[in-house]
Amino acid sequence: MDDSAAGEEEADDESDSSGNAAMSAQAEPVETPEPGVVDIRIYVDYLSSGAQDFQVANVQQLQKWVSEDAATLSYYPVAMLTAKSNGTKYSIRAASAAACMAHYSPDDFFKFNDTLLRQQPELDTDGYTDIELADLAQASGADDPQTVRDCIVEEKFAAWAKTATDRALDGIPDTDDISLTGTPMVLVNGTPYVGALDNAKEFAQFVLTVSSDAYYEATPAPTPSPTS
Numbered sequence: 001m002d003d004s005a006a007g008e009e010e011a012d013d014e015s016d017s018s019g020n021a022a023m024s025a026q027a028e029p030v031e032t033p034e035p036g037v038v039d040i041r042i043y044v045d046y047l048s049s050g051a052q053d054f055q056v057a058n059v060q061q062l063q064k065w066v067s068e069d070a071a072t073l074s075y076y077p078v079a080m081l082t083a084k085s086n087g088t089k090y091s092i093r094a095a096s097a098a099a100c101m102a103h104y105s106p107d108d109f110f111k112f113n114d115t116l117l118r119q120q121p122e123l124d125t126d127g128y129t130d131i132e133l134a135d136l137a138q139a140s141g142a143d144d145p146q147t148v149r150d151c152i153v154e155e156k157f158a159a160w161a162k163t164a165t166d167r168a169l170d171g172i173p174d175t176d177d178i179s180l181t182g183t184p185m186v187l188v189n190g191t192p193y194v195g196a197l198d199n200a201k202e203f204a205q206f207v208l209t210v211s212s213d214a215y216y217e218a219t220p221a222p223t224p225s226p227t228s
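Following the numbering used here, the numbering of the sequence shown begins with 1 at its first residue and continues without gaps.
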């Protein structure tokens, strides 16, 4: 695992090294990582400035780890700041839009997710309209732009976004009684990251520490050989 600091470049257009979106309303991981592979799960509200800070600081090294098969990466769009957009429920609509992209054009989800976080509206503003969200999705390279557009404009995953958020608030699977309390919530092998969101070196060191701990826990301790 490379613990060098990441730059602030945008997510690459190619998504073969990207993460994916967790589309289960039960907020279960998309897949079970192979032994030795770090499992990184990120819960994001697209109005959360902290989520933006984390994405900008860490996206490059996250992509690098995934491309090297050193980590799996799953994003969980949630809506915790629904009341902070002048009644437009932007957090729910943005999470629904992200789910549309993940469902109908999964290879382009990571780019769209990056766009939503980088081009984030200010708190206590209306946020993007559904049509503007659809335009951003199309600009991110949706494979089936009309289907994705219709899904976003019709807010087809709005109920899913609320359900997924409520379940995460009740408890996150595969953790030691951890519940969603704010975003971003970043879990590495089920352990919450509580360091600086905009410090890529600090996050890389945390990932390295957690992965090292997992390795030593999985490695049996040597036992003495019997003596004659």
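Idealized CB from N, CA, C, for every residue including glycine.
All values derive from a computational prediction rather than experimental measurement.
Beta-bridge partners assigned by DSSP to residue 39: 72.
Under the DSSP assignment, residue 194 falls outside any alpha helix (DSSP H); it carries neither an H nor an E label. For residue 165, the CB contacts under 7 angstroms within the same chain, skipping 5 residues up- and downstream, are 78, 79 and 80 in chain order.
The shortest CA-to-CA distance from residue 176 to any of 183, 184, 188 and 182 is the one to 188. Spatial neighbours of residue 82 in its own chain (CB-CB distance under 6 angstroms, excluding positions within 5 residues in sequence) are listed in chain order as 89, 91 and 92.
Take residue 48, set aside five residues on each side of it, and the residues of its chain with a beta-carbon closer than 7 angstroms to its own are 81, 183 and 184, in chain order.
Residue 196 is classed as exposed because its beta carbon has fewer than 16 other beta carbons within 10 Å across all chains shown.
Within the DSSP bridge table, the entry for residue 187 names 41 and 192 as partners. Counting C-beta pairs with one atom in each stretch, the region 193-213 and the region 108-120 have fewer than three that are closer than 8 angstroms, which means they do not touch. Taking residue 52 as the centre and dropping the five residues before and after it, the same chain places the C-beta of 117 and 120 closer than 6 angstroms to its C-beta, in chain order. Take the alpha-carbon of residue 128 and the one of residue 65: they are about 32 angstroms apart. Here residue 180 is buried, its C-beta having at least 16 other C-beta atoms within 10 Å. With respect to residue 148, residue 142 sits close: the two C-beta atoms are nearer than 8 angstroms.
Residue 41 holds the alpha-carbon nearest to the alpha-carbon of residue 174 among 41, 125 and 94. For residue 152, the uninterrupted alpha helix (DSSP H) segment begins and ends at 145-153.
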